[in-house]
Amino acid sequence: MNFLSWFPFFLSQKWVTEAATLDVLEAIKGRRSVRNFRDKEVSKSKLEKIIECGTLAPSAGNLQPWEFVVVRDSQRKRALAAAALHQNFVAEGSVVIVVLANESRSARIYGRRGAELYSIQDTAAAIQNMLLAAHGMGLGACWVGAFDEDAVAEVVGARNHVRPVGIIAIGYPRYIPEPTSRRKVTEVIHEEMY
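Residue 174 in my numbering sits at position 174 of the sequence shown, with consecutive numbering throughout.
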């Protein structure tokens, strides 16, 4: 069965919206880190679709080591912003998702490498999926990696081999930032050897 024969079925599924059918290359090129949000709530259904897209990311051994803490409480969002080295825009998002890596889940099969590397790679893939999904739904989002890990863990109650690896502030953007400069593809491709 080729892609075109099952594509109508794919589009008929409940979780796929018109906005979610945005061409993937356009989504990748159009996504920006948004740090300025309007005062408008993101619906529970949109949030669940974003997280579902995160769960569709690849993971080592299909172990899916991710956990997602959804934060809407303004006091808790301010605490997360403070833990994120006072990046106050975090608290301005309609919703903040703290992405946790369950290191012990990845370690069950892959040992230390699973705990220290695969769980991080897997959650990073989930975060990118969620950023693209949010963009495809007309939302803005910013992936924050600069934070005090212990402070974030305390704010969301993460313990026992569950490590905060990312904070995602999500909301309706006040404006879309201009694209940032990127290294040329010819600068980053190395044939056969570095």
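Heads up, the beta-carbon is just placed ideally off N, CA and C, and yes, glycines get one too.
**Q.** Rounded C-alpha distance that separates Ser94 from Ile168
**A.** Straight-line Cα distance between these residues: approximately 11 angstroms.
Q.
Is Tyr172 close to the ligand SAH? I mean its beta-carbon at under 7 angstroms from any heavy atom of the ligand.
A. Because no ligand of any kind appears in the structure shown, any question about the ligand SAH cannot be addressed here.
Q: Specify the secondary structure class of Met1 as computed by DSSP and reduced to three states.
A: Residue placement at Met1 is flagged as unreliable, the pLDDT there being 46, under the threshold of 50; the coordinate-derived value follows with that caveat. It is coil, neither helix nor strand.
Q. If you draw a straight line from the C-alpha of Pro65 to the C-alpha of Ile176, how long is it?
A. Approximately 32 angstroms, taken between the alpha carbons.
**Q.** Residue nearest to Leu63 in terms of C-alpha spacing, selected from Arg159, Asn36, Arg183 and Ala115
**A.** Selected option, being the one with the closest Cα: Ala115.
Q: Helix, strand or coil for Ala169, going by three-state DSSP, please let me know.
A: Looking at Ala169 - three-state DSSP - the assignment turns out to be strand.
(Q) According to DSSP, simplified to helix, strand and coil, what is Asn62? (A) The answer is helix: DSSP assigns Asn62 an H, G or I state.
Q. Can you name, in chain order, every residue of its own chain whose Cβ lies under 8 angstroms from the Cβ of Asp122, other than the five neighbours on each side?
A. Hits under 8 angstroms: Ala57, Pro58, Ser59, Ala60, Leu63, Gln64, Pro65, Trp66, Ala101 and Ser106.
Q: Work out the CA separation of Ala125 and Arg31 for me, nearest whole Å.
A: In this structure, the straight-line span from the alpha carbon of Arg31 to that of Ala125 is close to 15 angstroms.
Q: For Cys142, write down the residues that DSSP places opposite it in a beta bridge.
A: Cys142 is bridged to Ala169.
Q. What do you reckon, are the CB atoms on Val70 and Leu47 nearer than 8 angstroms?
A. Going by C-beta atoms, Val70 is nearer than 8 angstroms to Leu47.
Q. Exposed or buried, which one is Ile97 when buried takes at least 16 other CB atoms within 10 Å?
A. By the neighbour-count criterion, in which a residue is buried when 16 or more other Cβ atoms sit within 10 angstroms of its Cβ, Ile97 is buried.
**Q.** Host alpha helix (DSSP H) of Asn102 (start-end)
**A.** In the DSSP assignment, Asn102 falls outside any alpha helix (DSSP H) and lies within the beta strand (DSSP E) extending over Val95 to Asn102.
Q) Applying the criterion that 16 or more other CB atoms from any shown protein chain within 10 Å of the CB defines a buried residue, is His86 buried or exposed? A) Exposed.
Q.
Tell me whether the segment 140-147 and the segment 78-85 touch, counting them as touching only if at least three CB pairs, one residue from each stretch, are closer than 8 angstroms.
A. Touching, yes.
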